[in-house]
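Engineer:
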Amino acid sequence: MGVMAGAAFAGNSDTITVNYAVSAINELNIDGASVTLTVNSATAGSNPDQASDSTTYDITTNAGADAKKITGAIDTDMGSGLTLKANMTAPTGASSAGATTLSSVAANLVTLIDSIAQANISLAFTLDATLAAGVVSSASKTCTLTLINT
Amino acid sequence: MHWLRLLLTACVLISLAGGWAWGVQADITATGNWSGTIDASGLTGGAGTDLNPTYTSASDQVSITISNTSDDWDFWRVDVRKSDTNWHNDLGLSVRRTSSGTGTGSISGGTSYIAAGDLDTEFFRGRGDRSNILVKLQLSGVSVQVLPGTYSASIVFTVVDI
Numbered sequence: 076m077g078v079m080a081g082a083a084f085a086g087n088s089d090t091i092t093v094n095y096a097v098s099a100i101n102e103l104n105i106d107g108a109s110v111t112l113t114v115n116s117a118t119a120g121s122n123p124d125q126a127s128d129s130t131t132y133d134i135t136t137n138a139g140a141d142a143k144k145i146t147g148a149i150d151t152d153m154g155s156g157l158t159l160k161a162n163m164t165a166p167t168g169a170s171s172a173g174a175t176t177l178s179s180v181a182a183n184l185v186t187l188i189d190s191i192a193q194a195n196i197s198l199a200f201t202l203d204a205t206l207a208a209g210v211v212s213s214a215s216k217t218c219t220l221t222l223i224n225t
Numbered sequence: 117m118h119w120l121r122l123l124l125t126a127c128v129l130i131s132l133a134g135g136w137a138w139g140v141q142a143d144i145t146a147t148g149n150w151s152g153t154i155d156a157s158g159l160t161g162g163a164g165t166d167l168n169p170t171y172t173s174a175s176d177q178v179s180i181t182i183s184n185t186s187d188d189w190d191f192w193r194v195d196v197r198k199s200d201t202n203w204h205n206d207l208g209l210s211v212r213r214t215s216s217g218t219g220t221g222s223i224s225g226g227t228s229y230i231a232a233g234d235l236d237t238e239f240f241r242g243r244g245d246r247s248n249i250l251v252k253l254q255l256s257g258v259s260v261q262v263l264p265g266t267y268s269a270s271i272v273f274t275v276v277d278i
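Just so you know, the sequences run in chain order E and S.
When you line the first sequence up against the working numbering, it's residues 76 to 225, in that order.
When you line the second sequence up against the working numbering, it's residues 117 to 278, in that order.
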């Protein structure tokens with residue numbers, strides 16, 4: 076009887092398989108092509124006033140909890156008496172390093188980034204110049220932000 | 117007592133034979149697996165945006181055939197469910213019938229997406245033998261919250277005589 080039942084049920088179901096692969100996705104984009112920082116004023120008795128400008132950035136990653144960080148670096152170091160800083164607002168759930176001096180060595184700007192898709196997050200730059208810097212002709216720096224594993 | 121035992125045995129056999137003849141007669145065959153890859157090209161608008169939440173197969177991804185019905189008035193129902201192998205809780209699978217197939221019987225239902233859950237759910241029903249009933253699949257719930265990896269699930273189609 077068991078054999079009969081088994082034979083009767085043999086063809087009453089069939090199965091197909093669905094396989095989906097999810098690739099690592101790590102996308103970072105700075106919205107503004109450039110920012111301009113001009114130090115051209117000062118209060119008598121003090122160093123020149125700080126110049127500031129800002130843009131925004133967009134990020135998408137599926138790396139998981141606290142798995143990513145953003146570092147920032149400029150192509151060449153700033154001249155003597157000049158300090159360029161970046162202050163990235165962190166995406167939801169991550170941690171910002173606050174205003175961080177940029178140099179040719181990558182520095183952490185945002186850490187503990189979770190899986191996130193968020194756009195138009197603030198990215199601010201400041202330029203400080205001491206009197207010792209003197210008059211500096213216009214120059215440009217390329218700032219590279221990199222989304223890497225924590 | 118001996119005759120009574122024989123009578124009871126005969127009743128059990130007749131009952132089982134009846135179940136075999138009328139209860140579970142039709143057979144079902146499903147062919148057509150589905151696979152794909154989700155990567156950055158699936159983002160709705162580049163960096164800062166999430167992945168497209170749904171992915172859809174070809175309209176003829178799966179072909180189902182119902183056979184061995186007793187005649188054109190042998191009514192049946194096809195149920196569907198999902199059996200996870202390595203799946204993510206955020207992901208869903210749905211099925212939709214895109215053709216009626218061919219055959220002398222008839223078919224109805226299943227032309228809207230129906231979620232394949234852990235329990236059998238009616239997909240469509242009909243009568244008689246039907247061949248090459250085409251089915252489309254839909255993956256839903258995709259987002260960056262789904263970690264990179266390979267996810268697999270089985271979709272089980274079951275024909276039930278009604």
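For each residue, glycine too, the CB sits at the ideal point set by N, CA and C.
For the candidate residues E:V114, E:G139, E:A208, E:F200, whose alpha-carbon lies nearest to that of E:T175?
Structural biologist: Taking the first sequence and counting its residues from 1, one reaches residue 175 of chain E at position 100. The residue with the shortest Cα to Cα distance from E:T175 is E:F200.
Engineer: In chain order, what residues of the same chain have a beta carbon less than 8 Å from the beta carbon of E:L112, not counting five sequence neighbours either side?
Structural biologist: By one-based count along the first sequence, residue 112 of chain E stands at place 37. Only A126, S127, D128, L159, F200, T201, L202 meet the Cβ criterion.
Engineer: Quick one: list the residues of chain S neighbouring E:D89, beta-carbon separation under 7 Å, in chain order.
Structural biologist: Reading the first sequence from its first residue, position 14 is the one you call residue 89 of chain E. Near E:D89 (Cβ distances below 7 Å), the residues of chain S are I144, T145, A146, F273.
Engineer: Under a three-way DSSP split, which group does S:G158 fall into?
Structural biologist: Here residue 158 of chain S corresponds to residue number 42 of the second sequence, with the count starting at 1. Helix, per DSSP.
Engineer: At 9 Å on the CB atoms, spell out the chain E contacts of S:N184, in chain order.
Structural biologist: Taking the first residue of the second sequence as position 1, residue 184 of chain S is located at position 68. G86, listed in chain order.
Engineer: Rounding to the nearest angstrom, what Cα-Cα distance links E:L222 and E:S109 in this structure?
Structural biologist: Here residue 222 of chain E corresponds to residue number 147 of the first sequence, with the count starting at 1. Here residue 109 of chain E corresponds to residue number 34 of the first sequence, with the count starting at 1. Whole-angstrom Cα-Cα distance: 19 Å.
Engineer: Name the chain E residues that come within less than 8 Å of S:Q261, Cβ to Cβ?
Structural biologist: Within the second sequence, the letter at position 145 stands for residue 261 of chain S. Neighbours of S:Q261 on chain E, chain order: N137, S190.
Engineer: Could you confirm whether any beta carbon from chain S is found closer than 9 Å to the beta carbon of E:D203?
Structural biologist: Start at 1 with the first residue of the first sequence, and residue 203 of chain E comes out as number 128. Answer no: the Cβ-Cβ gap between E:D203 and chain S never drops below 9 Å.
Engineer: I'd like the list of long-range same chain contacts for S:W119, defined as Cβ closer than 8 Å, with 5 residues on each side in sequence excluded.
Structural biologist: Position 3 of the second sequence, counted from the first residue, corresponds to residue 119 of chain S. Confidence at S:W119 is low in this model, with a pLDDT of 47, below 50, so its placement is unreliable and the value that follows should be read with caution. So no residue of the chain qualifies.
Engineer: Is there a Cβ from chain S that is less than 9 Å from the Cβ of E:V185?
Structural biologist: Taking the first residue of the first sequence as 1, we reach residue 185 of chain E at position 110. No, because no Cβ of chain S sits closer than 9 Å to the Cβ of E:V185.
Engineer: So, helix, strand or coil for E:A204, using DSSP?
Structural biologist: For the purposes of this step, residue 204 of chain E is taken as residue 129 along the first sequence, with counting starting at 1. Strand at E:A204.
Engineer: For S:V262, which of helix, strand or coil comes out of DSSP?
Structural biologist: Translated into the one-based positions of the second sequence, residue 262 of chain S becomes position 146. Residue state, collapsed to three classes: coil.
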